[in-house]
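Residue numbers (this note's numbering), protein chains in the order written: chain A, 47 to 232; chain B, 234 to 451; chain C, 32 to 161. Remarks on the structure that follows.
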């Protein structure tokens, strides 16, 4: 069975679990627990181990979708999950307390996934709330990572079609980077 | 919709481009490119038959138009194109935020120049992407996504891009025109040819991207 | 304000006292922790240990064990045991509460004894919070 593992990263509340649910052909395995910190992020539950979903590409081929728990105290899970993946969807919500800081943090934390394969960024809730513009996200990326050209799209993680686009963009990027000898270099 | 004569007469100097009626977006794209590259302090106002006027405020990177972009009129009949002088402290051309100008630049770039090179591009150059467009906001197809991914990872001329992505040259050119108009493309006469790890056509069909899009019904 | 049990001083105090009692009852207890479902350390034995990381891991493990039980359609995950050369970790939920009790016993204790002790004190904690 050929497998491709894609990791969904980003802060709590960005929409990782929702995004995987939009894409997965199986019922998503979730590990939610009651959120003790509703004063920080107003969500009833939070992911404490991982989310897991699948897309069956062919009889012998799967895309496995793993979602990390977004909170820093679970970063031992990040170490475990990083090893398995060849690419990353980094979701950041516009209304996070420091969305650009979160973007740069997760990109740095999971840099090896960019080096190994590829990364795409999805900015969520952009149409719903005030926050940095997409251009500000892109500017920050360019300032801190000169030469890095990664897709940055606004997305609604509930929307199947938009998430498919984001995933397909990631996959084509991973393949093009490999085709032009860009991936695997560090 | 009639021209706002009073407004134009008040502003010095009234710079109305003497404009023959044209079908299509090439002259409009040329005007937009001129303003963007020269950073001229003007707004643009385009009168298009059957549509409300299209207003562009470059300073705020926005446009105002009642026609939605997913109904973009490829064969638009332009009857008038006006430049409206503005300045750093002048008010916006219309009530902000308007719509993101990138969306309009994409459509204009794809549909102008009839599949040939934009007039500001030079033969023999290679191109590379500096920033991805926000594809969620632009109607696009997956061949364009592939082409953008090529340009994100290598310098390519139009002909090379067409070959790497397996598309017609005119389709590759339209994309290059759009990305160039959006100012997210680097142009280089000196960049060497990129080489793609050779793939047979069969291997390309076998890529995860092709299998995944097929699975998704796309 | 945080709703977490780890932020409630009376709960923290009761939990801490309970772990002390547990040690009195089972000298083979090497490490014990009460943690919230979402991985916050409420109290630990020894008191001065840094329990944060373990609390996160134990909550992940609890959630995964429940996901496995759900996947295999075998009902609830009643307890988890990790066996090692130096002892056993026994972990289970405090009944009816969003709390988990996780305890490491050295090899002086049998697995059965470790499990019985952990169950007993989980129930005591539930009774305290009633």
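Backbone N, C-alpha and C fix where the C-beta goes; we use that ideal spot for every residue, glycine too.
- Query: So does the segment 104-118 of chain A actually touch the segment 72-85 of chain C, counting three or more Cβ pairs closer than 8 Å?
  - Reply: Short answer: they don't touch.
- Which of the three DSSP states, helix, strand or coil, is assigned to residue 207(A)? Looking at residue 207(A) - three-state DSSP - the assignment turns out to be helix.
- Under a CB-based cut-off of 8 Å, is residue 83(C) close to chain A? At least one beta carbon of chain A lies nearer than 8 Å to the beta carbon of residue 83(C).
- If you check the beta carbons only, do residue 79(A) and residue 63(A) fall under 8 Å apart? It is not a contact, given that the beta carbons lie outside the stated cut-off.
- Sort 177(A), 167(A), 48(A), 173(A) by Cα distance to residue 364(B) and report the nearest one. Of the candidates 177(A), 167(A), 48(A), 173(A), 167(A) places its Cα closest to the Cα of residue 364(B).
- Message: Taking 8 Å as the limit between beta carbons, can you name the residues of its chain near residue 417(B), skipping five residues before and five after?
- Response: Cβ within range, chain order: 362, 363, 364, 365, 366.
- Buried versus exposed call for residue 145(A) [16 or more other C-beta atoms within 10 Å across all chains shown]: Flag for residue 145(A) reads buried.
- Query: Closest by CA to residue 62(C), which one among 75(C), 117(C), 110(C), 101(C)?
  - Reply: Comparing Cα positions, the closest option is 75(C).
- the segment 57-72 of chain C: which residues have C-beta closer than 8 Å to a C-beta of chain A, in chain order? For the segment 57-72 of chain C, which is checked against every Cβ of chain A, the residues closer than 8 Å are 67, 68, 69, 70, 71.
- Query: Which residues, in chain order, does the segment 258-273 of chain B contribute to contact with chain A at a C-beta distance below 7 Å?
  - Reply: For the segment 258-273 of chain B, which is checked against every Cβ of chain A, not one residue is closer than 7 Å.
- Task: Could you round the C-beta distance between residue 331(B) and residue 295(B) to whole angstroms and report it? I think they count as a contact, below 8 Å.
- Result: Right, their Cβ atoms sit about 3 Å apart.
- Query: What does DSSP give as the partner residues of residue 272(B) in its beta bridges?
  - Reply: Beta bridge pairing from DSSP links residue 272(B) with no other residue.
- Query: How would you list, in chain order, the residues of chain C whose beta-carbon sits under 7 Å from the beta-carbon of residue 119(A)?
  - Reply: Within 7 Å of the CB of residue 119(A), the CB atoms of chain C belong to 70, 83, 87, in sequence order along the chain.
- Query: What whole-angstrom Cβ distance do residue 191(B) and residue 380(B) have, given they're in contact under 8 Å?
  - Reply: In this structure chain B extends from 234 to 451, so residue 191(B) is not present and cannot be described.
- Is the segment 204-219 of chain A close to the segment 175-183 of chain A, with three or more CB pairs under 8 Å? No, because fewer than three Cβ pairs between the segment 204-219 of chain A and the segment 175-183 of chain A fall closer than 8 Å, the two stretches do not touch.
- Item | According to DSSP, residues forming a beta bridge with residue 34(C) | Beta-bridge pairing links residue 34(C) to no other residue.
- Delimiting residues of the beta strand (DSSP E) encompassing residue 72(C): Here the beta strand (DSSP E) through residue 72(C) covers 72-76.
- Using 8 Å as the limit for Cβ to Cβ distance, is residue 151(A) near chain C? It does not: the Cβ of residue 151(A) has no partner Cβ on chain C nearer than 8 Å.
- To the nearest whole angstrom, what separates the beta carbons of residue 324(B) and residue 406(B), a pair I think is in contact under 8 Å? Wrong, their Cβ atoms sit about 38 Å apart, outside the cutoff.
- In whole angstroms, what separates the C-alpha of residue 185(A) from that of residue 200(A)? If I take the Cα positions, the gap works out to 15 Å.
- Message: Count Cβ pairs between the segment 299-308 of chain B and the segment 351-360 of chain B that sit closer than 8 Å; are there 3 or more?
- Response: Taking one beta carbon from each stretch, the segment 299-308 of chain B and the segment 351-360 of chain B have fewer than 3 pairs nearer than 8 Å; the two do not touch.
- Answer yes or no: do residue 329(B) and residue 277(B) have a C-beta to C-beta separation smaller than 8 Å? Not in contact: residue 329(B) and residue 277(B) (Cβ atoms no closer than 8 Å).
- Query: Is the beta carbon of residue 132(A) less than 8 Å from the beta carbon of residue 162(A)?
  - Reply: Yes.
- Message: Distance check for residue 121(A) and residue 149(A), CA to CA, integer angstroms please.
- Response: So the alpha carbons of these two residues sit roughly 16 Å apart.
- Using a C-beta cutoff of 8 Å, does residue 35(C) count as contacting chain A? It does: the Cβ of residue 35(C) has a partner Cβ on chain A nearer than 8 Å.
- Item | Per-residue DSSP class, three states only, for residue 181(A) | Here DSSP, grouped into helix, strand and coil, assigns residue 181(A) to helix.
- Message: Is the beta carbon of residue 136(A) closer than 8 Å to that of residue 165(A)?
- Response: In this structure, residue 165(A) places its C-beta atom within 8 Å of the C-beta atom of residue 136(A).
- Item | Local conformation of residue 155(C) per DSSP, three classes | DSSP places residue 155(C) in helix when its eight states are reduced to three.
- Starting from residue 121(C) and walking both ways along the beta strand (DSSP E), at which residues does that stretch end? 118-124 is the span of the beta strand (DSSP E), which, as asked, contains residue 121(C).
- Message: Strictly under 8 Å for the Cβ-Cβ distance: is residue 406(B) near chain A by that measure?
- Response: Judged by the 8 Å Cβ criterion, residue 406(B) is not in contact with chain A.
- Message: Along the chain, where does the alpha helix (DSSP H) containing residue 161(A) start, and where does it finish?
- Response: In the DSSP assignment, residue 161(A) falls within the alpha helix (DSSP H) that extends over 157-162.
- How about residue 267(B) and residue 358(B): are their beta carbons less than 8 Å apart? No, these two residues do not count as a Cβ contact at 8 Å.
- Query: Who are the near neighbours of residue 196(A) in its chain, counting only those whose CB is closer than 8 Å to its CB and skipping five residues on each side?
  - Reply: So the list reads 160, 164, 165, 166, 167, 187, 219, once near-sequence residues are dropped.
- If you draw a straight line from the alpha carbon of residue 50(A) to that of residue 198(A), how long is it in whole angstroms? Those two C-alpha atoms are separated by around 22 Å.
- Are any of the Cβ atoms in chain A nearer than 8 Å to that of residue 400(B)? No, residue 400(B) lies away from the interface with chain A (no Cβ there is under 8 Å from its Cβ).
- If we cut at 8 Å on Cβ distances, does residue 83(A) have a partner in chain C? At least one chain C Cβ lies under 8 Å of residue 83(A).
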